[in-house]
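Participant: Numbering (our numbering), first residue to last: 680 to 1292.
Where is the CB? At the ideal position from N, CA and C, for every residue including glycine.
Please see the structure below; I have some questions.
Below, the structure written as C-alpha cells:
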C-alpha cells in the first residue's frame, strides 16, 4: 500500500489490496477528503464504484457539455471527496490490478459485500454507504444490494443492473445478444492473458466479423479460444437457452429480490437506445411496488452518451441532453442524489419521479453534421406505465396494410433463410463494434451494412421481411411504453424466430427525397419458448401457434402525415443470433433449414401504448 501525494484537497491511497472471503485480494483506490495536504479521517459516508474496465482509466461517459474531455475514475472520486465523501474505486476480480479469475457477472455481489465489510472497519468510514456506476458498474450494484449489506443507503444506477439478464442484456426472447460476443473478443484482447506475445498475436490474427458472419459458432473454434476463460464464460451463457437455475442467480435476476433493492433510494437512468431501457423501467416498477423510493430519467441516448444530441443518424436537438435539461450536468445530479440520502440534505420522501424524452416533432431536415432533425420533448409523470397510456390495437391486413379498423381475413407468407438473415440497422445496442451500431438509422441497406446482400435498398424490399404500414396519419399519435405484437401463424419447421420492429415512416422532403424510415424499437421471440421459458417445445409441422412478441419500451410522436410501420422477419442479425430452424440449439448447430411461415392476419395485431390527449 503506497501513499501518494494530494490532488488539491484530496488524498489518494492507491492499490489497497482488500481481502475477500476466499483470500483473493481486490485492488482498490481510496480517495479521502483532505485539508492542507493532509487526509481527514472523518468518519465520512463512503461511496463504492467497482469496475472491470480499469479503476484508473478515463471513462467516455464521464463528460459534460462544458467539459467534453472524459474524466478518469480518480477525477470523479476527487470531485466527490471534495464534497465530503470517501470514494473507493475497485478493479473487479480478475481484472487489471486485482487478483483472481474473471467470470463475467458472477460473484460480484459477494465481492462488493466483502468490500463494504472491510470499509466498515476503517476509521474514515461512518458506516453509511452509497454505490454508483454505469453498465457493468451498475450490474455489480444490484448484485450487491440483493445481499442486504448493512449501511447501504443510496444507489445511483446508470444503464445496467440486471432486472433479468435472460430477458435483457445477455439473452432476449430466447435468443442470444451478439454484443456479448463482440464484448468478449474485445476484452480478451485486453486481458492479462493477452500480455503473452503468442496469445496477442493469435488474437490479432482473428477476424471476429468473419466468424460472426459465418455462423459456425462452436466452443473451441471461436476467436476467444486463445483466452479460454473468456470463451468458457461466453459459451456457458450462450448454450443455456432455458431459463434455468443459472439465470435465476441473484446477480442476474434482481426481479426476484425487489424487497431488498427497495431498502434504499435508487436513482435510475439510461437512454432509449441503450440495451437496458426496459431493465431500468422494470427496476422502477419493482422497487416502487415493494414500497421503495425510486426516480428514473430516460433520454434519447446511446449507452452513457447523455451529453450528446444524437443517436445514429438522428439528432434530437440541444434540449435532449441531460445537461441543463435534467440537471446542470451529470456530476451535479449524482452528487445531489447522494447528498439528499446520505447527508439528509432535504431528504424528505418525494413523489416518485418519471422523466422521459418523447422522440419526434422535429423539422426532419438534414442538420449541419448530416443527421435528420427528429426533435423531441421531455415528459414527466408520477407513474410508469404513464398515467395517460391506453393500449390501442392496430390490425394487420392483406396488401401490407396496418389499420385501427379490423380488416377482412387474409394471409401473409414470410420466408426466413438463416443464410440470408435480415440485417440489423440500428436499435438499442452497445459494445457492438465492429459489426453493428446503436441508434436510429434509415431502414435502407447499403454495401457497408453488415450481413446485407445485393440488391441493397429498403428493408421493405427484402424477401425475408413482411411490412405492414398505415395510411398517412391525419392526426399525430404519441406513444410511451412497451410495444408488442400478437401474431397467429403456422410454420413448416420445428423452430424459428419472429423479430418485430416499429418504424416511423416520414414523408419525403428535399433533403430526404425518398423519405426516412426511422427504427424506434424492436423485439424477438424464439418460438420454442412461446409457452414457457423453462420448458421449450418444438412445433409440429403445420401446427398453428399464437405468440406475443415484445419490443423494448419507447416514447415517440408519429406526426400527422407520417406512417406507422411494423416489420416482421425471421431474424435481426447480428443483434441476435440466427436460428438454424432445424430444431437444434444455438450455438453448436450443424445444419440449417429455410422456413416458410403463414400468418392468419385476422388474428394478428400490433399493440401500441398510445398517450390519450
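Residue 832 lies in the beta strand (DSSP E); which residues open and close that run?
Facilitator: Position 153 of the chain shown holds residue 832. First-last of the beta strand (DSSP E) with residue 832: 831-837.
Participant: Spatial neighbours of residue 1112 within its chain, please: C-beta separation below 7 angstroms, excluding the five flanking residues on both sides.
Facilitator: Counting from 1 along the chain shown, the entry for residue 1112 is found at position 433. Excluding sequence neighbours, residue 1112 sits near 861.
Participant: DSSP state of residue 1208, grouped into three classes?
Facilitator: Start at 1 with the first residue of the chain shown, and residue 1208 comes out as number 529. In this structure, residue 1208 counts as helix in the three-state DSSP scheme.
Participant: Would you call the segment 718-737 in contact with the segment 972-991, where contact means no fewer than 3 C-beta pairs closer than 8 angstroms?
Facilitator: no
Participant: What is the DSSP secondary structure of residue 1124, reduced to helix, strand or coil?
Facilitator: For the purposes of this step, residue 1124 is taken as the residue at position 445 of the chain shown. Three-state result, residue 1124: coil.
Participant: Give the DSSP-derived three-state secondary structure of residue 1202 in the structure shown.
Facilitator: Position 523 of the chain shown, counting from 1, holds the residue named residue 1202. The answer is strand: DSSP assigns residue 1202 an E or B state.
Participant: In its own chain, which residues sit with a C-beta less than 7 angstroms from the C-beta of residue 943, not counting the 5 before and 5 after it?
Facilitator: As a working mapping, residue 943 is identified with position 264 in the chain shown. If we look at residue 943 and ignore the five residues flanking it on each side, its Cβ neighbours are 831, 832, 833, 834.
Participant: In chain order, which continuous runs of the alpha helix (DSSP H) of length 4 or greater are located wholly inside the segment 1041-1127?
Facilitator: none
Participant: Can you name, in chain order, every residue of its own chain whose Cβ lies under 6 angstroms from the Cβ of residue 1120, other than the five neighbours on each side?
Facilitator: The residue you call residue 1120 lines up with position 441 of the chain shown. If we look at residue 1120 and ignore the five residues flanking it on each side, its Cβ neighbours are 991, 992, 1104, 1105.
Participant: Using CA atoms only, rank isn't needed, just tell me which of 791, 714, 720 is closest to residue 698.
Facilitator: On the chain shown, residue 698 is found 19 positions in, with the first residue counted as 1. Checking every option, the nearest Cα to that of residue 698 belongs to 791.
Participant: Should residue 908 and residue 780 be called a contact, given that it needs their Cβ atoms to be closer than 9 angstroms?
Facilitator: To locate residue 908, count along the chain shown from 1; it is residue 229. To locate residue 780, count along the chain shown from 1; it is residue 101. In this structure, residue 780 lies closer than 9 angstroms to residue 908 by Cβ.
Participant: Should residue 1061 go down as buried or exposed, given a rule of 16 or more other Cβ atoms within 10 Å for buried?
Facilitator: Along the chain shown, read from residue 1 onward, the residue named residue 1061 stands at position 382. With fewer than 16 Cβ atoms within 10 Å of its Cβ, residue 1061 is classed as exposed.
Participant: For the segment 796-871, list the alpha helix (DSSP H) runs that are entirely contained and at least 4 residues long, ordered along the chain.
Facilitator: You should have 815-824, 858-868.
Participant: In terms of residue numbering, what span does the beta strand (DSSP E) encompassing residue 728 cover?
Facilitator: Locating residue 728 in the chain shown gives position 49, where the first residue counts as 1. Looking at the DSSP string, the run of the beta strand (DSSP E) that includes residue 728 is 723-730.
Participant: From the DSSP output, read off the bridge partner residues of residue 755.
Facilitator: Here residue 755 is taken as the residue at index 76 of the chain shown, counted from 1. Partner(s): none; residue 755 has no beta bridge.
Participant: Which value, in whole angstroms, describes the spacing of the CA atoms of residue 690 and residue 749?
Facilitator: Position 11 of the chain shown, counted from the start, is the residue given in the question as residue 690. Position 70 of the chain shown, counted from the start, is the residue given in the question as residue 749. Rounded to the nearest angstrom, the two C-alpha atoms are 21 angstroms apart.
Participant: Which residues in the same chain have their Cβ closer than 7 angstroms to the Cβ of residue 1024, if we skip the five residues on either side of it in sequence?
Facilitator: Residue numbering aside, residue 1024 sits at position 345 when the chain shown is read from its first letter. The answer, listed in chain order, is 1018.
Participant: Please report how far the alpha carbon of residue 1150 lies from the alpha carbon of residue 1254, in whole angstroms.
Facilitator: Looking up residue 1150 in the chain shown gives position 471. Looking up residue 1254 in the chain shown gives position 575. If I take the Cα positions, the gap works out to 30 angstroms.
Participant: Of the residues 778, 755, 1041, 951, which one's Cα is nearest the Cα of residue 637?
Facilitator: Nothing about residue 637 can be read from this structure; the chain reaches only from 680 to 1292.
Participant: Residues in the same chain with beta-carbon distance under 6 angstroms from residue 1212, minus the five sequence neighbours each way, listed in chain order, please.
Facilitator: For the purposes of this step, residue 1212 is taken as the residue at position 533 of the chain shown. The answer, listed in chain order, is 922.
Participant: On the DSSP bridge assignment, give the partners of residue 1196 in chain order.
Facilitator: As a working note, residue 1196 is residue 517 in the chain shown. Residue 1196 is bridged to 1184.
Participant: Since residue 991 sits in a beta bridge, which residues does DSSP pair it with?
Facilitator: Counting from one through the chain shown, the residue named residue 991 turns up at place 312. Residue 991 is bridged to 1119.
Participant: Look at the alpha carbon of residue 937 and the alpha carbon of residue 1232, and state the distance between them as a whole number of angstroms.
Facilitator: Translated into the one-based positions of the chain shown, residue 937 becomes position 258. Translated into the one-based positions of the chain shown, residue 1232 becomes position 553. Looking at the two C-alpha atoms, the distance is approximately 21 angstroms.
Participant: Taking the continuous alpha helix (DSSP H) assigned at residue 966, which residues delimit it?
Facilitator: Here residue 966 refers to the residue found at position 287 when the chain shown is read from its first residue. First-last of the alpha helix (DSSP H) with residue 966: 956-968.
Participant: Would you kindly work out how many angstroms separate the C-alpha atoms of residue 881 and residue 1191, rounded to a whole number?
Facilitator: Locating residue 881 in the chain shown gives position 202, where the first residue counts as 1. Locating residue 1191 in the chain shown gives position 512, where the first residue counts as 1. Rounded to the nearest angstrom, the two C-alpha atoms are 45 angstroms apart.
Participant: Among 709, 704, 1242, 1208, whose alpha-carbon lies nearest the alpha-carbon of residue 853?
Facilitator: For this step, residue 853 is matched to residue 174 along the chain shown. Of the candidates 709, 704, 1242, 1208, the one whose C-alpha sits nearest the C-alpha of residue 853 is 1208.
Participant: To the nearest whole angstrom, what separates the beta carbons of residue 836 and residue 822, a pair I think is in contact under 8 angstroms?
Facilitator: Taking the chain shown and counting its residues from 1, one reaches residue 836 at position 157. Taking the chain shown and counting its residues from 1, one reaches residue 822 at position 143. Not quite, the Cβ-Cβ distance comes to about 12 angstroms (not below 8 angstroms), so this is no contact.
Participant: What would DSSP say about residue 874, mapped onto helix, strand or coil?
Facilitator: Translated into the one-based positions of the chain shown, residue 874 becomes position 195. Note: residue 874 maps to helix in three-state DSSP.
Participant: Going by the CB atoms, is the gap between residue 1124 and residue 1137 shorter than 9 angstroms?
Facilitator: Here the question's residue 1137 lines up with position 458 in the chain shown. Here the question's residue 1124 lines up with position 445 in the chain shown. Closer than 9 angstroms, so yes.
Participant: How many angstroms separate the CA atom of residue 626 from the CA atom of residue 961?
Facilitator: Summary: the structure shown does not reach residue 626, with the chain confined to residues 680 through 1292, and so no result is reported for it.
Participant: Whose C-beta lies closer than 6 angstroms to the C-beta of residue 1279 among residues of the same chain, with five residues either side of it excluded?
Facilitator: Translated into the one-based positions of the chain shown, residue 1279 becomes position 600. Contacts found: 1167.
Participant: Taking buried to mean at least 16 other C-beta atoms within 10 Å of its own C-beta, is residue 1014 buried or exposed?
Facilitator: As a position in the chain shown, residue 1014 is number 335, starting the count at 1. Buried: at least 16 other Cβ atoms inside 10 Å.
Participant: What did DSSP end up calling residue 792 once you bin it into helix, strand or coil?
Facilitator: Position 113 of the chain shown, counted from the first residue, corresponds to residue 792. Per DSSP, reduced to three states, the secondary structure at residue 792 is helical.
Participant: How would you call residue 1214, buried or exposed, if buried means at least 16 neighbouring beta carbons within 10 angstroms?
Facilitator: By one-based count along the chain shown, residue 1214 stands at place 535. The residue in question, residue 1214, is exposed, as its Cβ has fewer than 16 Cβ neighbours within 10 Å.
Participant: Look at residue 679 and residue 767 and say whether their C-beta atoms are less than 9 angstroms apart.
Facilitator: What the structure shows of the chain is the stretch from 680 to 1292, and residue 679 is not part of that stretch, so it cannot be assessed.
Participant: Tell me whether residue 892 sits in a helix, a strand or coil according to DSSP, three-state version.
Facilitator: Taking the chain shown and counting its residues from 1, one reaches residue 892 at position 213. Residue 892: helix per DSSP, three-state reduction.
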